[in-house]
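S.K.: Heads up, the final residue of the first sequence is numbered 905 in our numbering, and it's a clean run with no missing numbers.
Cβ atoms here follow ideal geometry from the backbone N, Cα and C, with glycine treated the same way.
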Amino acid sequence: MDAQYDPSHELYWSKKWKEDHVFHSEIDENKPRFSMVIPPPNVTGSLHIGHALDLSLQDAVVRYKKMNGFNVCWVPGTDHAGIATQNVVERSLLKEGIKRQDIGREAFLDKVWEWKDKYGNKILDQITRLGCGVDWERLRFTMDPVCARAVRHAFKELFDQGLIYKGHYMINWCPRCGTAISDLEVTYEEEDAHLWYIRYPFEDQKGFIVVATTRPETMLGDTAIAVNPNDEHYQSVIGKFVLVPLIGRRIPVVADESVDPDFGTGAVKVTPAHDPTDFAVGQRHDLEVIQVIGLDGRMTDAAGKYAGLDRFDAREAVVNDLEKQDYLEKIEPYRHAVGHCQRCNTVVEPMISDQWFVKLTAMAPEAKRVVEDGEIQIVPDRWVKVYQDWMDNIRDWCISRQIWWGHRIPVYTCQECGYVFASEEEHVDTCPKCGGPVKQEEDVLDTWFSSSLWPFEVFGWPEQTADLKYYFPTTLLITGYDILFFWVARMVFMSTTLNKQVPFKQVFLHGLVLDEHGQKMSKSKGNTVDPMDMIDEYSADALRYALISGMSLGGQDVNFSESRIEHGKNLTNKIWNSARYVLNVVADKDLSKEPEQLSSVDRYILSRLEETKNVVVQCFDSYDFGAALREIESFYWADYCDWYIEMSKVEPTYGTYWTLRHVLEESLKMLHPFLPFITQEVWSRIGFDSYLVNETWPAPRKDFVDSVAVERLSVVKDAIRGIRNLRAELNVKPSQRIRVLLQGDLDSWSEFIPYIKFLARVEEVSQTASAVENAYSVVVGTDVFYVPLQGIVDIEKEKSRLLKQKSDLENRISVYDKRLQNNDFLNKAPKEVVEKQKEERQALEESLSQLVKRLSELGG
RNA sequence: GGGCGGUUAGCUCAGUGGUAGAGCGCUUGCCUUACAAGCAAGAGGCCAGAGGUUCGAAACCUCUACCGCCCA
Numbered sequence: 046m047d048a049q050y051d052p053s054h055e056l057y058w059s060k061k062w063k064e065d066h067v068f069h070s071e072i073d074e075n076k077p078r079f080s081m082v083i084p085p086p087n088v089t090g091s092l093h094i095g096h097a098l099d100l101s102l103q104d105a106v107v108r109y110k111k112m113n114g115f116n117v118c119w120v121p122g123t124d125h126a127g128i129a130t131q132n133v134v135e136r137s138l139l140k141e142g143i144k145r146q147d148i149g150r151e152a153f154l155d156k157v158w159e160w161k162d163k164y165g166n167k168i169l170d171q172i173t174r175l176g177c178g179v180d181w182e183r184l185r186f187t188m189d190p191v192c193a194r195a196v197r198h199a200f201k202e203l204f205d206q207g208l209i210y211k212g213h214y215m216i217n218w219c220p221r222c223g224t225a226i227s228d229l230e231v232t233y234e235e236e237d238a239h240l241w242y243i244r245y246p247f248e249d250q251k252g253f254i255v256v257a258t259t260r261p262e263t264m265l266g267d268t269a270i271a272v273n274p275n276d277e278h279y280q281s282v283i284g285k286f287v288l289v290p291l292i293g294r295r296i297p298v299v300a301d302e303s304v305d306p307d308f309g310t311g312a313v314k315v316t317p318a319h320d321p322t323d324f325a326v327g328q329r330h331d332l333e334v335i336q337v338i339g340l341d342g343r344m345t346d347a348a349g350k351y352a353g354l355d356r357f358d359a360r361e362a363v364v365n366d367l368e369k370q371d372y373l374e375k376i377e378p379y380r381h382a383v384g385h386c387q388r389c390n391t392v393v394e395p396m397i398s399d400q401w402f403v404k405l406t407a408m409a410p411e412a413k414r415v416v417e418d419g420e421i422q423i424v425p426d427r428w429v430k431v432y433q434d435w436m437d438n439i440r441d442w443c444i445s446r447q448i449w450w451g452h453r454i455p456v457y458t459c460q461e462c463g464y465v466f467a468s469e470e471e472h473v474d475t476c477p478k479c480g481g482p483v484k485q486e487e488d489v490l491d492t493w494f495s496s497s498l499w500p501f502e503v504f505g506w507p508e509q510t511a512d513l514k515y516y517f518p519t520t521l522l523i524t525g526y527d528i529l530f531f532w533v534a535r536m537v538f539m540s541t542t543l544n545k546q547v548p549f550k551q552v553f554l555h556g557l558v559l560d561e562h563g564q565k566m567s568k569s570k571g572n573t574v575d576p577m578d579m580i581d582e583y584s585a586d587a588l589r590y591a592l593i594s595g596m597s598l599g600g601q602d603v604n605f606s607e608s609r610i611e612h613g614k615n616l617t618n619k620i621w622n623s624a625r626y627v628l629n630v631v632a633d634k635d636l637s638k639e640p641e642q643l644s645s646v647d648r649y650i651l652s653r654l655e656e657t658k659n660v661v662v663q664c665f666d667s668y669d670f671g672a673a674l675r676e677i678e679s680f681y682w683a684d685y686c687d688w689y690i691e692m693s694k695v696e697p698t699y700g701t702y703w704t705l706r707h708v709l710e711e712s713l714k715m716l717h718p719f720l721p722f723i724t725q726e727v728w729s730r731i732g733f734d735s736y737l738v739n740e741t742w743p744a745p746r747k748d749f750v751d752s753v754a755v756e757r758l759s760v761v762k763d764a765i766r767g768i769r770n771l772r773a774e775l776n777v778k779p780s781q782r783i784r785v786l787l788q789g790d791l792d793s794w795s796e797f798i799p800y801i802k803f804l805a806r807v808e809e810v811s812q813t814a815s816a817v818e819n820a821y822s823v824v825v826g827t828d829v830f831y832v833p834l835q836g837i838v839d840i841e842k843e844k845s846r847l848l849k850q851k852s853d854l855e856n857r858i859s860v861y862d863k864r865l866q867n868n869d870f871l872n873k874a875p876k877e878v879v880e881k882q883k884e885e886r887q888a889l890e891e892s893l894s895q896l897v898k899r900l901s902e903l904g905g
C-alpha cells in the first residue's frame, strides 16, 4: 500500500457495483422493504452541486438501510425537461439555419430523440461516478413508453373526473420560450422602475383624471378607469367617461373594491388583457378585452401606430408621445417586483389564452389531510406549515405548454360531431361516437405533470404490477426544499387522487448548497462549483464528505468550501494510512477468535466504539446525517488514530491486535454510507472479497461498554497531555527523554506507565513519597508527576505556570461554590445534578490543594 | 404586506437547561519508521441586543436590530 492515498480506484468500484448489480432489488417478502425514487434530473443537464448533495444523501441512506437488512430499491431516471431540452435542440438546429417550424413537428422530435440518445447519458454517468447505488435495471426516462402510458391514463382519469379542464384565463406567458408557464415558474425580482402619472381627459374635455401605472404601454389596451367605491375623492366621477390619451378610446370610470385608494392617485387604469387584477375587474364590469401585446412580445395591430414594436420599445415610445402631448403629469421612481421566466429570465407577460388546467383547488383538501394526519411525514417539520399554507392558497395549475417536446395532450376533438374526449390510447383516429376523423390537441404537458406520477409510474402504473404492489408507496423521498411545491406537493396531489394512497411515507427536505460565504451560486456571480471538477481534483468521497459533513439537523443550507473538501481528502488519506498501518501489524495474525483478555486501553476504545455506534444510529434515524458523519470521523481520527493506534504500539497482545482490527472493520462499515469508495477499497485490502454494502451494520455489543476504562483513560490522557504541555513550554527537544517521578499510588498507574513513557517520551517513571526538589510538576487529580530537568529549573517560571493553573482552578471552583451555596439550587435542582456538581467540585478542589501544596514547597 | 430561517473563535459552522466545540486559518516545535494530506503544544469567545421563565439560559419565551430565503 502506498504512503499516500490514490483515489483513482473509485472508477473501478463504481463500475463493479453497476456490473455486478449490487443494488438491484427484486421482490422479497421475507425482508423489510425500503424504496425510494430519485428526483429525476434534467436529461439535458449535467450534475450540479445541489444534485451532488441530494444524491450523496440518498446513497448514504440506501447503503445504511441495505446494511441493516432492508430490501432496498432506489429507482434512477431522468426527466425530459420539455422547454429546456427543446431550447437546446432548437439552438443547435439554428446553427445550421434551421427553425423547428421549417422541418415540422415529427422531424423535430426525431432530432430531439437523437440528441437525447447521444447526450442524455451524461448525467447518468455522473451519478455513477458519484458512487450512487441505484437499481440500474429499473432506469426510467419520463418519455419512456410506460411513462407516456401513465401520463395518458392519469390525464384521462382526471379529465373524466372533471379535474382537468380547458379554460380561457389569464396565464403567465414567456415571450421568449413562446409558451405558457405555471405560476411557480415565475420568479419575482425587485426592480427599480417608475410610476408614470398619466392624465386621462374626461370626454367633455372638462378636466382629467390622473392614474399611475408602471406599464404605460398597456394603456393602448385600456378599457376602463377604476376607483375604489369608498374613495370620497372620486365619488363624482364614477360612471363618467374618459378618453384614453394618444388613441382617444372612450372608456368608463368604474368602481371596484380591488382598487387600493393609497396606490398612486387612487385611480387606476384597467387593461383586462394584460394584467391579472385588471382581468378580474374586467370580468366583474363586463369590460372589453383588447390585446395590444402579442405572444412574441411585440405590439399587435390593435396598438395602432405602435404595432410591431417590442413591448419595451413601445413603452418608451408611448411615454415619449404622452410627454409631447402633455398627458404626463409626473414620473416617480418606484420599486416593485417584476415576474421573470424562471428558465430564461425574460419578463413574463400576463396573457389571456386557452389553456389546460388541473383543478388543484379541488384536490388540495386531501393533499392537506394526508400530511395533517401524518400519513406523510415531512422532515424537518417546519415545512409542514409552509406546505399547508400553500395548500390553503392553492390555485389551479396551468399544464399546457406551446412546445413540441413532451407528452402531447391526449385530448381529441371530432371534426364531424365536435365530441371532445381524452384517450389513453397512443393513437386515436376516429371519433368513438360518430366514427368521424379526430384532431388531437397540439400542446404538450408541463414536464412536472409527468414528474408528478414518477413514484408510481416507474413501477408500471397504471398496471397493478407486482412491483407496484410491493414497492409502492415508496418509503422515503429525499429532495431539496426548493421543489416542495414544484414536485413534492404535486406528487401528493396525483397519488392521493389517482391511487387513493400517499406516494411516499416520509419526505426529507434538505437545504441548498451555497458558496463558502453563504451566497447563492450563480453563473453571473461566478461562484459556481462544478462537482465533477471537484471529483477529479479531490475524489468523490471527498466531495460527499464536504457536502454531508456541512449539514445540520434543521435542514439549513450547506455552505460549500474547498477547505472542507480538502479536509475530506485528508480524512480519506487518514483512513488509508491508519488501515495501512493496522493491516501491516496484523498481517500474519490469525484473529478469528475473540480475545479472552483485554487491557484497559482495549476496553476503552471498544467502549468508545459502542458509544459511537449508538450516536450514529440515532443520528441516522433522526435524519441528522451531518452529525452522524462528524461523529464517526471524530471517533476514528481522535480516539482510534490519535490515541488507540498510538497506544497499541506499546507491548501489543493478542487482544490489541484483535481490537485494532475489529475497530477498523466496524469503523469502515459505519463510514461506508458516506465514503463508499475508500471504505470498499480498504475492505478489499483487508482481504475480504465481499461488497461492504452487503455486510451487516455493526450490532451493539453491550458487553463492550466499559465506562470505568473510558474514565481511567481520560485521566491517563490528562497526564500525558500535562507532560507534553510541560515539554512544549520548556522547549524540551522531542528527541530528549525525560525522567518522571510520581507522587501518588504507583500501583494504580502501573498499567498505564508504559503508555505514558511512550507517548510523553518519558525514560522512566519512578515513585517518590515526597516532593521532589528542583523539578517541574504536573498535577493530575490528587497525584503529581515531577519532572526534574538537567540543568537549572527556573523556579519563577514553574511558579507562574502553577499560579496560572491555580487561578484557573479557583475560578472554576468559585462557580461551583456559588451554585452549591445557593439554597434554591440545593432544594430545587434534581438530586443527581447536585451530587454531580459536588463531585466535580471535589475533584477540582483536590487538584487545587495539590497545586497549593506544590506552590508552598517552592516558597510561593 | 405575510411567513420561515439565521446571528456562537479571524473565516465556515456544530452545539441535547448545568460557566462553550470542530474544521480551516494563526503561533510554536517536530520529516517521532501509518499518515507533513501528518503529529504535538498553544493563542483566540461578555454565544447580536434588551426583557422574561428558571435554582441555573448560548439553548426555552417575548420584543428589537441586522442578514438571507419563500409567498403575495
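Kindly list the residues whose CB is nearer than 6 Å to the CB of residue 455, restricted to its own chain and excluding five residues on each side of it in sequence; keep chain order.
M.R.: Here residue 455 is taken as the residue at index 410 of the first sequence, counted from 1. Hits under 6 Å: 197, 200, 467, 468.
S.K.: From this set, 483, 588, 667, 842, which residue's C-alpha is nearest residue 599's C-alpha?
M.R.: In the first sequence, counting from the first residue as 1, residue 599 sits at position 554. Selected option, being the one with the closest Cα: 667.
S.K.: Consult DSSP for residue 112 and reduce its assignment to one of helix, strand or coil.
M.R.: To locate residue 112, count along the first sequence from 1; it is residue 67. Helix at residue 112.
S.K.: By the DSSP assignment, the beta strand (DSSP E) with residue 237 in it spans what residues?
M.R.: Stepping through the first sequence from its first residue, residue 237 is reached at position 192. Unbroken beta strand (DSSP E) run through residue 237: 231–246.
S.K.: Are three or more beta carbon pairs between the region 733–741 and the region 644–655 nearer than 8 Å?
M.R.: Not touching, per the Cβ criterion.
S.K.: I'd like the span of the beta strand (DSSP E) that includes residue 828, first residue to last.
M.R.: The sequence position of residue 828 within the first sequence is 783, counting from 1. First-last of the beta strand (DSSP E) with residue 828: 828–833.
S.K.: Could you check how far apart the C-beta atoms of residue 461 and residue 477 are, in whole angstroms? I think they sit under 8 Å.
M.R.: For this step, residue 461 is matched to residue 416 along the first sequence. For this step, residue 477 is matched to residue 432 along the first sequence. No, residue 461 and residue 477 are not in contact; Cβ-Cβ is about 12 Å, not under 8 Å.
S.K.: Within the same chain, show all residues whose beta-carbon is closer than 6 Å to that of residue 450, passing over the 5 residues directly before and after it, in chain order.
M.R.: Here residue 450 refers to the residue found at position 405 of the first sequence. Within the same chain, residue 450 has close Cβ partners 127, 130, 131, 157.
S.K.: Which partner residues does residue 81 have in the DSSP bridge list?
M.R.: Reading the first sequence from its first residue, position 36 is the one you call residue 81. Looking at the DSSP assignment, residue 81 forms a beta bridge with 119.
S.K.: Please classify residue 303 as buried or exposed, where buried requires at least 16 other C-beta atoms within 10 Å of its C-beta.
M.R.: As a first step, residue 303 must be located in the first sequence, where it is residue number 258. Its Cβ having fewer than 16 others within 10 Å, residue 303 is exposed.
S.K.: Under the DSSP definition of a beta bridge, which residues are partnered with residue 787?
M.R.: As a position in the first sequence, residue 787 is number 742, starting the count at 1. Partner(s): 812, 830.
S.K.: Answer yes or no: do residue 907 and residue 232 have a C-beta to C-beta separation smaller than 8 Å?
M.R.: The displayed coordinates of the chain run from 46 to 905. Any statement about residue 907 would go beyond what the structure contains.
S.K.: Does the distance from the CB of residue 266 to the CB of residue 216 come in under 8 Å?
M.R.: The residue you call residue 266 lines up with position 221 of the first sequence. The residue you call residue 216 lines up with position 171 of the first sequence. Against a cut-off of 8 Å, the Cβ pair of residue 216 and residue 266 comes out as no contact.
S.K.: Measuring CB to CB, does residue 287 end up less than 8 Å from residue 246?
M.R.: Walking along the first sequence from the start, residue 287 turns up at place 242. Walking along the first sequence from the start, residue 246 turns up at place 201. Cβ distance < 8 Å, so residue 287 and residue 246 count as in contact.
S.K.: Is the beta carbon of residue 798 closer than 8 Å to that of residue 671?
M.R.: Numbered from its first residue, the first sequence carries residue 671 at position 626. Numbered from its first residue, the first sequence carries residue 798 at position 753. Going by C-beta atoms, residue 671 is not nearer than 8 Å to residue 798.
S.K.: Would you decide whether residue 400 is buried or exposed? Buried here means 16 or more other CB atoms lie within 10 Å of its CB.
M.R.: Locating residue 400 in the first sequence gives position 355, where the first residue counts as 1. Residue 400 comes out buried.
S.K.: Where does residue 435 sit, in a helix, a strand or coil, going by DSSP?
M.R.: Taking the first sequence and counting its residues from 1, one reaches residue 435 at position 390. Looking at residue 435 - three-state DSSP - the assignment turns out to be helix.
S.K.: Using only CA atoms, which one of 817, 341, 93, 347 lies nearest to residue 333?
M.R.: Numbered from its first residue, the first sequence carries residue 333 at position 288. Comparing Cα-Cα distances from residue 333 to each of 817, 341, 93, 347, the minimum goes to 347.
S.K.: Taking the alpha-carbon positions, what's the residue 45 to residue 272 distance?
M.R.: Nothing can be reported for residue 45: it is not among the residues displayed for the chain, which extend from 46 to 905.
S.K.: Compute the distance between the beta-carbons of residue 573 and residue 554, then report whether it is under 8 Å.
M.R.: Taking the first residue of the first sequence as position 1, residue 573 is located at position 528. Taking the first residue of the first sequence as position 1, residue 554 is located at position 509. Contact: no.
S.K.: Can you give the Cα-Cα distance for residue 180 and residue 398, rounded to whole angstroms?
M.R.: In the first sequence, counting from the first residue as 1, residue 180 sits at position 135. In the first sequence, counting from the first residue as 1, residue 398 sits at position 353. Cα to Cα, the separation comes out at about 43 Å.
S.K.: Label residue 613 either buried or exposed according to how many other C-beta atoms from any shown protein chain fall within 10 Å of its C-beta, with 16 as the threshold for buried.
M.R.: Here residue 613 is taken as the residue at index 568 of the first sequence, counted from 1. Burial call: buried.
S.K.: Classify residue 308 as buried or exposed, calling it buried when 16 or more other Cβ atoms lie within 10 Å of its own Cβ.
M.R.: The count along the first sequence starts at 1 and reaches residue 308 at position 263. With fewer than 16 Cβ atoms within 10 Å of its Cβ, residue 308 is classed as exposed.
S.K.: Can you check whether the CB of residue 106 is closer than 8 Å to the CB of residue 521?
M.R.: Walking along the first sequence from the start, residue 521 turns up at place 476. Walking along the first sequence from the start, residue 106 turns up at place 61. Yes, they are a contact pair.
S.K.: Can you give the Cα-Cα distance for residue 778 and residue 805, rounded to whole angstroms?
M.R.: Counting from 1 along the first sequence, the entry for residue 778 is found at position 733. Counting from 1 along the first sequence, the entry for residue 805 is found at position 760. Going by the C-alpha atoms only, they are around 12 Å apart.
S.K.: According to DSSP, simplified to helix, strand and coil, what is residue 126?
M.R.: In the first sequence, the residue the question calls residue 126 occupies position 81. Correct three-state label for residue 126: coil.
S.K.: Straight-line CA distance for residue 393 to residue 290?
M.R.: Along the first sequence, read from residue 1 onward, the residue named residue 393 stands at position 348. Along the first sequence, read from residue 1 onward, the residue named residue 290 stands at position 245. Taking the straight line joining both Cα atoms gives about 26 Å.
S.K.: Note down, in chain order, each residue of its chain lying with its Cβ closer than 6 Å to the Cβ of residue 494, except the 5 sequence neighbours on either side.
M.R.: Position 449 of the first sequence, counted from the start, is the residue given in the question as residue 494. The answer, listed in chain order, is 444.
S.K.: What is the rounded straight-line gap between the Cα of residue 768 and the Cα of residue 780?
M.R.: Looking up residue 768 in the first sequence gives position 723. Looking up residue 780 in the first sequence gives position 735. Rounded to the nearest angstrom, the two C-alpha atoms are 14 Å apart.
S.K.: So the candidates are 264, 327, 789; which of them puts its Cα closest to the Cα of residue 891?
M.R.: On the first sequence, residue 891 is found 846 positions in, with the first residue counted as 1. Per the Cα distances, 789.
S.K.: Cα separation between residue 242 and residue 256?
M.R.: Translated into positions along the first sequence, residue 242 becomes position 197. Translated into positions along the first sequence, residue 256 becomes position 211. Looking at the two C-alpha atoms, the distance is approximately 5 Å.
S.K.: On the three-pair Cβ rule with 8 Å, is the region 541–549 touching the region 105–121?
M.R.: The region 541–549 is not in contact with the region 105–121.
S.K.: With burial defined as no fewer than 16 other Cβ atoms inside 10 Å of the residue's Cβ, what is the status of residue 299: buried or exposed?
M.R.: Stepping through the first sequence from its first residue, residue 299 is reached at position 254. By the 10 Å Cβ count, residue 299 comes out buried.
S.K.: Between the Cα of residue 686 and the Cα atoms of 763, 122, 52, 621, which residue gives the shortest distance?
M.R.: Indexing the first sequence from 1 puts residue 686 at position 641. Among 763, 122, 52, 621, the Cα nearest to that of residue 686 is on 621.
S.K.: Which residues in the same chain as residue 886 place their Cβ atom closer than 8 Å to its Cβ, once the five residues preceding and following it in sequence are excluded?
M.R.: In the first sequence, residue 886 corresponds to position 841, counting from 1. Around residue 886: 858, 861, 862, 865.
S.K.: When DSSP labels each residue in this structure, what does residue 390 get in the three-state scheme?
M.R.: As a first step, residue 390 is located in the first sequence; it is residue number 345 there, counting from the start. Coil, per DSSP.
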